[in-house]
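Trainee: Would you mind keeping the following structure in view while I ask a few things?
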Amino acid sequence: MLSPISKVRNFAVVDAQPDPIELCCDPGKGEDSRAEVFPRWHQLPVSKMLTVYLSKPFNHEARYTRRRRRCPTSTCNWAASR
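Residue numbering for the sequence shown follows the working numbering, starting at 1 and increasing by one per position.
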């Protein structure tokens, strides 16, 4: 506020992700690898670049690790091939 009469202290708003997000490689099969890419209460906005070294086609799924009622657990599914 730009006012000579009232004074306002400086403040900052920090947004955070309330649930952890993990990345799963080949979900649903016997052997799946998981990695938590965003921990609980991680500050937003943020982006991460991940490099995956696999020699055959694979599927990935990003999902919330904490399960809540009325919230989807899976956030994104995608397949990759050469």
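By construction, the Cβ of each residue, glycine as well, lies at the ideal position given by its N, Cα and C atoms.
For A62, list the residues DSSP reports as bridge partners.
Mentor: Translated into the one-based positions of the sequence shown, residue 62 becomes position 62. According to DSSP, A62 bridges with L23, C76.
Trainee: Using only CA atoms, which one of P18, I5, S6 lies nearest to H42?
Mentor: For the purposes of this step, residue 42 is identified with residue 42 of the sequence shown, where counting begins at 1. With distances taken between Cα atoms, H42 lies closest to P18.
Trainee: Among residues of its own chain, excluding the 5 on either side of P4, which ones have a beta-carbon nearer than 8 Å to its beta-carbon?
Mentor: Numbered from its first residue, the sequence shown carries residue 4 at position 4. If we look at P4 and ignore the five residues flanking it on each side, it has no Cβ neighbours.
Trainee: Under the rule that 16 or more other beta-carbon atoms within 10 Å means buried, what is Y64, buried or exposed?
Mentor: Position 64 of the sequence shown, counted from the first residue, corresponds to residue 64. So Y64 counts as buried.
Trainee: Is it true that the CB of R34 sits closer than 9 Å to the CB of L50?
Mentor: On the sequence shown, position 50 is the one that residue 50 refers to. On the sequence shown, position 34 is the one that residue 34 refers to. Cβ distance not < 9 Å, so L50 and R34 don't count as in contact.
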